[in-house]
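Presented below is the structure to which this report refers.
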Amino acid sequence: MTQRGASPARNAAMTRILAQVPHFPLLRFGDGAGPGALASAIERATIRHWISSETVARALCTRPWLEVQPEVRAALLVSITQLLYMPDEPTHAVVDDAVRFVRGRLQQGAGGFVNAILRKASTLRVGRVEAPDAGEWWDARDLLPLPDGEFMRLAADLLPGDPLTRLAAQTSHPVALLERWAAARGIEKTRDLALHGLLEMPIVVHDGAPTAAALTMPPSDGMRPHEASGHFVWGGSVDALNEALAAHSSWIVQDVASAQAARATVELAPRRILDACAGRGTKAVQLALMHPNAEVWATDPDAARMASLRARSKGLPNLKAVDLADLGGLPSHFDLLLLDVPCSNTGVLARRLEAKYRFTVKALEELVRVQRAIAEHHLGLLAPNGRLLYSTCSLDPQENEHQVKWIAQRVGGSVISTSEWLPRGRPGGTPESRTDGSFNALIASGRRGLASVTR
Numbered sequence: 024m025t026q027r028g029a030s031p032a033r034n035a036a037m038t039r040i041l042a043q044v045p046h047f048p049l050l051r052f053g054d055g056a057g058p059g060a061l062a063s064a065i066e067r068a069t070i071r072h073w074i075s076s077e078t079v080a081r082a083l084c085t086r087p088w089l090e091v092q093p094e095v096r097a098a099l100l101v102s103i104t105q106l107l108y109m110p111d112e113p114t115h116a117v118v119d120d121a122v123r124f125v126r127g128r129l130q131q132g133a134g135g136f137v138n139a140i141l142r143k144a145s146t147l148r149v150g151r152v153e154a155p156d157a158g159e160w161w162d163a164r165d166l167l168p169l170p171d172g173e174f175m176r177l178a179a180d181l182l183p184g185d186p187l188t189r190l191a192a193q194t195s196h197p198v199a200l201l202e203r204w205a206a207a208r209g210i211e212k213t214r215d216l217a218l219h220g221l222l223e224m225p226i227v228v229h230d231g232a233p234t235a236a237a238l239t240m241p242p243s244d245g246m247r248p249h250e251a252s253g254h255f256v257w258g259g260s261v262d263a264l265n266e267a268l269a270a271h272s273s274w275i276v277q278d279v280a281s282a283q284a285a286r287a288t289v290e291l292a293p294r295r296i297l298d299a300c301a302g303r304g305t306k307a308v309q310l311a312l313m314h315p316n317a318e319v320w321a322t323d324p325d326a327a328r329m330a331s332l333r334a335r336s337k338g339l340p341n342l343k344a345v346d347l348a349d350l351g352g353l354p355s356h357f358d359l360l361l362l363d364v365p366c367s368n369t370g371v372l373a374r375r376l377e378a379k380y381r382f383t384v385k386a387l388e389e390l391v392r393v394q395r396a397i398a399e400h401h402l403g404l405l406a407p408n409g410r411l412l413y414s415t416c417s418l419d420p421q422e423n424e425h426q427v428k429w430i431a432q433r434v435g436g437s438v439i440s441t442s443e444w445l446p447r448g449r450p451g452g453t454p455e456s457r458t459d460g461s462f463n464a465l466i467a468s469g470r471r472g473l474a475s476v477t478r
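Residue numbers (our numbering): 24 to 478.
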């Protein structure tokens, strides 16, 4: 219940984060009905900066962090996030609302405990530092990078001494993920990828029709050209976006990086296409628009996603949504098979805020097994001499290049092309410069016929 005098938005944010605290790092972001705009902004900021805010809370806390009541941890995480990353929120209101929140749920002493820690946290903010003055910020134990490109100078060296653990605290990425990136790409690129995770990602729209004039003229003040040709950043309301999509059947809401997979097939002329992991159907719609003379079939094992997929297929006569169990009844094989497989989401961490926290090497290895199982299950649907388009939103070679090599061996074929799109945009840059990351590869089957899958 909202306490008298408390901000409903902050109370709602703390309530929702309280539901997450026992599950960290396996956050259930987005469960339940969404709160209002300010509450949602506070919640998203807390999720985005969870490790950073927790690092400060742990340094100020006089008790072991995991022994602190979940209600107190939620109040501290939400409030420290506002103090450090949301400067427009008044300090006294942030502190007072946190105290009211815990006093309404716990014994009187909990409120005093929260008040003392947050008063200390508010004095940590020495001030903002512009990027040129921050120097080698990653070596500083008193600097936190901010989404706007500046840095928050702390009054004490609270950040860890170990370089990767410090980078984890500065950018709120787990050490295991940073170690993985550093081993594959080097520390400089790792810092770039970690900074990208601080960004708020835009809604991007493009026209999927092959004859489209690339939306050269924005239809409203709410749409601005993206740096990637043919893409636009939507800045209007959700209702206005839905109206625009209803009025333009070939418009697709899709990040630049996500759009790259289907574009790898632009030189092909497939007759029958299957999107076997279609999700809510964005790539299936893109393929149907790009190849208007092809029959495009799409399926997904999740019932909710299938309902969305069926809705997306309306109005596109060459796109058909089909239940997974019915694939065996289709009359022939497909000469283009898209496998947009589940992945670690390491290319979209600025958009999928919760995904970075659940990264572990063990979880990655399990995903690799799932990806191979999906491929094995569907390879029998690939027509003789067909093409397989493999796609992820991951940046990990084990999910990407290694899997593509394995699939090519399984189909006795060759890799025609591979493309990695690294996340773009840095703190301080414009939304028009930001993209997610992705990977895709086009594989040619070398077999005249593949053994049919069990269906």
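In this text, a Cβ means the ideal position worked out from N, Cα and C, and glycines have one as well.
Note that the structure is predicted; figures quoted are calculated from it, not measured.
Of all alpha-carbon atoms in Ala386, Ala139 and Ala317, the one lying nearest the alpha-carbon of Leu49 is that of Ala386.
DSSP places Val345 in the coil class of the three-state scheme, outside both helix and strand. Straight-line measurement puts the Cα of Ile40 at about 27 Å from the Cα of Arg449. Take Ala144, set aside five residues on each side of it, and the residues of its chain with a beta-carbon closer than 7 Å to its own are Val79, Leu83, Ile103 and Leu106, in chain order. Taking a contact to require three or more Cβ pairs closer than 8 Å, the stretch 225-234 and the stretch 207-215 do not qualify as touching.
Distance from the CA atom of Asp363 to the CA atom of Arg148, rounded to whole angstroms, is 44 Å. Sequence-distant Cβ neighbours of Leu418 in its own chain, meaning closer than 6 Å and more than five residues away, are Thr369, Gly370 and Gly460. DSSP, reduced to helix, strand and coil, places Glu112 outside both helices and strands of the structure shown, so it counts as coil. Straight through space, the alpha carbons of Met109 and Asn138 are spaced by roughly 19 Å. Ala232 sits in coil when the DSSP states are folded into three classes, being neither helix nor strand. Per DSSP, the continuous beta strand (DSSP E) segment holding Leu360 begins and ends at Phe357 to Asp363.
In terms of Cβ geometry, Ser414 and Asn341 do not form a close pair [threshold 8 Å]. Distance from the CA atom of Ala321 to the CA atom of Leu412, rounded to whole angstroms, is 14 Å. Its chain contains Ile74, Leu190, Ala217, Gly220, Leu372 and Lys379 as the residues whose beta carbon lies nearer than 8 Å to that of His196, once the 5 sequence neighbours on both sides are disregarded; these appear in chain order. DSSP places Gly134 within a helical segment (H, G or I) once states are collapsed to three.
For Val152, the three-state secondary structure derived from DSSP is strand. In this structure, DSSP gives Val371 a state outside helix and strand, which the three-state scheme calls coil. When Asp358, Glu66 and Ala199 are compared, the shortest CA-CA separation from Gly409 is found for Asp358. Boundaries of the beta strand (DSSP E) around Asp298: Arg295 to Asp298. Pairing Val198 with Pro293, the inter-Cα distance amounts to about 44 Å. Residues Gly134 of the same chain have their beta carbon placed closer than 6 Å to that of Arg126, with the five preceding and five following residues left out of the count. Secondary structure note for Met329: its alpha helix (DSSP H) is the uninterrupted segment Ala326 to Ser336. With the rule of 3 Cβ pairs closer than 8 Å, the stretch 285-302 counts as touching the stretch 317-331. In this structure, the alpha-carbon of Asp111 lies about 15 Å from that of Ala60. DSSP, reduced to helix, strand and coil, places Gly403 within a helical segment of the structure shown.
Under DSSP, Ile226 shares a beta bridge with Trp257. Around the beta-carbon of Ser252, fewer than 16 other beta-carbon atoms lie within 10 Å, marking it exposed.
A check of alpha carbon separations from Ala280 across Val261, Cys300 and Thr305 identifies Thr305 as the nearest. Residue range Pro186 to Thr194 is occupied by the alpha helix (DSSP H) that includes Thr188, with no beta strand (DSSP E) assigned at that position.
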